[in-house]
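Counting in full-length UniProt numbering, the final residue of the sequence shown is number 431, and the numbers go up one at a time with none missing.
The C-beta atom is built at its ideal place from N, Cα and C for all residues, glycine as well.
Predicted model only: the values in this text are computed from it and were never measured.
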Amino acid sequence: MYQPHAARRSRLMSQIGDGVALLPTAPEAVRNADCHYPFRPDSHFLYLTGFAEPEAVLLLDGRSGQSILFCRERNPDMEIWDGFRHGPDGAREVFGFDAAFPLSEMAERIPALLTDCSQLWWPLGHDEAFDRRVNGWLGAVRAKARAGARPPAHYGDLRALLDEMRMIKDESEIALLRQAGEISAAGHVAAMRAARPGMHEYQLEAELLRVFVGRGARHQAYESIVAAGANACTLHYVANDARIRDGDLVLIDAGCELRGYAGDITRTFPANGRFSGPQRDVYEIVLAAELAGIAAVQPGALWTAPADAALQVLAQGMLDLGLLQGSVDGVIESGAYRQFYMHGVGHMIGLDVHDVGQRKQHGQWRSYQPGMCTTIEPGLYIRPADNVPAAFHGIGVRIEDDVLVTADGNEVYTAAAPKTIDEIEALMRGE
Ligand code: GLY
Ligand code: MN
Ligand code: MN
1 MYQPHAARRS RLMSQIGDGV ALLPTAPEAV RNADCHYPFR PDSHFLYLTG FAEPEAVLLL
61 DGRSGQSILF CRERNPDMEI WDGFRHGPDG AREVFGFDAA FPLSEMAERI PALLTDCSQL
121 WWPLGHDEAF DRRVNGWLGA VRAKARAGAR PPAHYGDLRA LLDEMRMIKD ESEIALLRQA
181 GEISAAGHVA AMRAARPGMH EYQLEAELLR VFVGRGARHQ AYESIVAAGA NACTLHYVAN
241 DARIRDGDLV LIDAGCELRG YAGDITRTFP ANGRFSGPQR DVYEIVLAAE LAGIAAVQPG
301 ALWTAPADAA LQVLAQGMLD LGLLQGSVDG VIESGAYRQF YMHGVGHMIG LDVHDVGQRK
361 QHGQWRSYQP GMCTTIEPGL YIRPADNVPA AFHGIGVRIE DDVLVTADGN EVYTAAAPKT
421 IDEIEALMRG E
């Protein structure tokens, strides 16, 4: 049987030599009084373990090749209140660790495991509280120096190794991303179907959530943006409490999180089911830019290729609409286009919606490789201004898909959410 988490632990183990790696899951966070935010494991931790209980710490020992988990013990009294815990024995069996121990044994076992290892890897500087615990464990090793115990002489940032691994998605991650993309697309379709002038933005958010949760994706990958009319020109609009008017475009940027993996889709559609002339003009430009960006996502292409391709189309469009004057090269060179398009064309996506991974390597832009996943999400946001024809005031359009780089091109795995004008109008007519 393919065990993705164990395979990832082995790949990481081969990079830490005879060192030891320590990785805690995320801390729990209080929301108010005695209520917590829903617990979300740390993404690196989830990637290596699949284990979703709070407080756990993973230790990889490069000398013995063992994966060791420290986790909560079973506790029948607490489980009556908070639900099932695997406990160390259950965790070892279900998740395939070589050993697992209760949290209460960390203070003794971790210093012993750090003794005489050459290098310690952990997410250095990421969480002060964990840094202090690591310091404490190292102190316990140093305290035994007279007895011949040696603490590690070298320290490394574990995140750097994991960020690099997570840029290339494995088979099981791709399957989950496709599923998250499919559920997210179904949420957008439901919102388009439900939209009517006079509704509130939050009623469309409810449609998204109904589909996400109803299909087993209990959380949004980020706060949904449901922005009617000029609200679409606020990039991270999340108030979602305005009334939708006849003649408004509605921009929805929303995606579910499925077993840790994010979807991230934006669609923009007319509340009344018919694009007006100016809305159509702006929309066609953004769609052409999105398609040009997607076409540029190719194995071997530079990371910057989609941004360049989309910007050419957007800049030409801004000139055609009379939003800007001059030439494509001129408005790109001067940065004048930023009045209407002020964000990047996309980002890696995976366990985090804005996923890990350095876009430059040794000072050079990286190129796409099969297994990378990126969003492509150009937009035009036309706030009222003296230099802007009134017909375009308050129009905001973004179109966003999630794209997997394949061996011979790409796969848009969020394509089930319609995005041509004809498809959107047909869906909204109930066809
Ligand atoms: N939804 C966040 C983004 O598109 O980057
Ligand atoms: Mn988005
Ligand atoms: Mn995005």
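| Query | Result |
| --- | --- |
| Would you check whether ligand 3 has a heavy atom nearer than 8 Å to the C-beta of D355? | no |
| Count the other C-beta atoms from every protein chain shown that fall within 10 angstroms of the C-beta of M1, then say buried if there are 16 or more, exposed otherwise. | At M1 the pLDDT is 48, less than 50, meaning the model places this residue with poor confidence and gives no usable figure here. |
| In angstroms with no decimal places, state the Cα-to-Cα distance between L12 and Q66. | 12 Å |
| Pick from R178, T234, H188: whose alpha carbon is nearest that of G260? | R178 |
| Here's a check: name, in chain order, each residue in its chain whose Cβ is nearer than 6 Å to the Cβ of A292, leaving out the five neighbours to either side. | A309, A310, V313 |
| Assign T49 to one of two classes, buried (16 or more other C-beta atoms within 10 Å of its C-beta) or exposed (fewer than that). | buried |
| CA-CA distance, P102 and S224? | 38 Å |
| Among the residues of its own chain, which have a CB less than 7 Å from the CB of P370, if the five just before and after it don't count? | P299, V405, T406, A407 |
| Looking at the structure shown, is E431 part of a helix, part of a strand, or coil, going by DSSP? | coil |
| How many Å lie between V412 and I265 at the Cα? | 11 Å |
| Compute the Euclidean distance between the alpha carbons of V286 and E377, then round it to the nearest angstrom. | 9 Å |
| Mapping the DSSP letters down to three states, classify V134 as helix, strand or coil. | helix |
| Who pairs with H200 in a beta bridge, going by DSSP? | R243 |
| Rounded to the nearest angstrom, what separates F340 and R359 at their Cα positions? | 25 Å |
| Taking only runs that begin and end inside the stretch 364-431, name each unbroken beta strand (DSSP E) of 3 or more residues, in chain order. | 373-376, 379-382, 395-398, 401-406, 409-412 |
| At what residues does the beta strand (DSSP E) containing R359 begin and finish? | It is not in any beta strand (DSSP E) - R359 carries neither H nor E in the DSSP assignment. |
| Under 8 Å from any heavy atom of ligand 5, does the C-beta of T25 make it? | You won't find ligand 5 in this model; what it holds is ligand 1, ligand 2 and ligand 3. |
| Would you mind reading off the limits of the alpha helix (DSSP H) that contains A107? | 106-114 |
| Could you name the residues of the same chain whose beta carbon sits closer than 7 Å to that of L138, not counting the 5 residues immediately before and after it, in chain order? | L114, P151 |
| With respect to the beta strand (DSSP E) encompassing F269, which residues constitute its N-terminal and C-terminal limits? | 265-270 |
| Between the C-alpha atoms of K169 and I244, what's the straight-line distance to the nearest angstrom? | 39 Å |
| Rounded to the nearest angstrom, what separates R31 and G136 at their Cα positions? | 29 Å |
| Where I68 and G229 are concerned, what is the direct C-alpha to C-alpha distance, given to the nearest angstrom? | 53 Å |
| Is the distance from the Cβ of R109 to the Cβ of F70 below 9 Å? | yes |
| If you draw a straight line from the alpha carbon of K419 to that of G326, how long is it in whole angstroms? | 30 Å |
| Just the residues with CB closer than 7 Å to a heavy atom of ligand 2, in chain order, which are they? | D253, G255, D264, I265, T266, T375, E377, E400 |
| Could you check if Y222 belongs to the surroundings of ligand 1, using beta carbon to heavy atom distance under 8 Å? | yes |
| With hydrogens ignored, establish whether the beta-carbon of H347 is closer than 8 Å to any heavy atom of ligand 1. | yes |
| Do I294 and ligand 1 come close, with the Cβ less than 8 Å from some heavy atom? | no |
| Could you check whether the Cβ of D183 sits closer than 8 Å to any heavy atom belonging to ligand 1? | The residue you asked about is not Asp; residue 183 is Ile in the sequence shown. Checking every heavy atom of ligand 1 against the Cβ of I183, none is found closer than 8 Å. |
| Span of the alpha helix (DSSP H) holding Q316? | 305-320 |
| Should G19 be labelled buried (16 or more other beta-carbon atoms within 10 Å of its own) or exposed? | buried |
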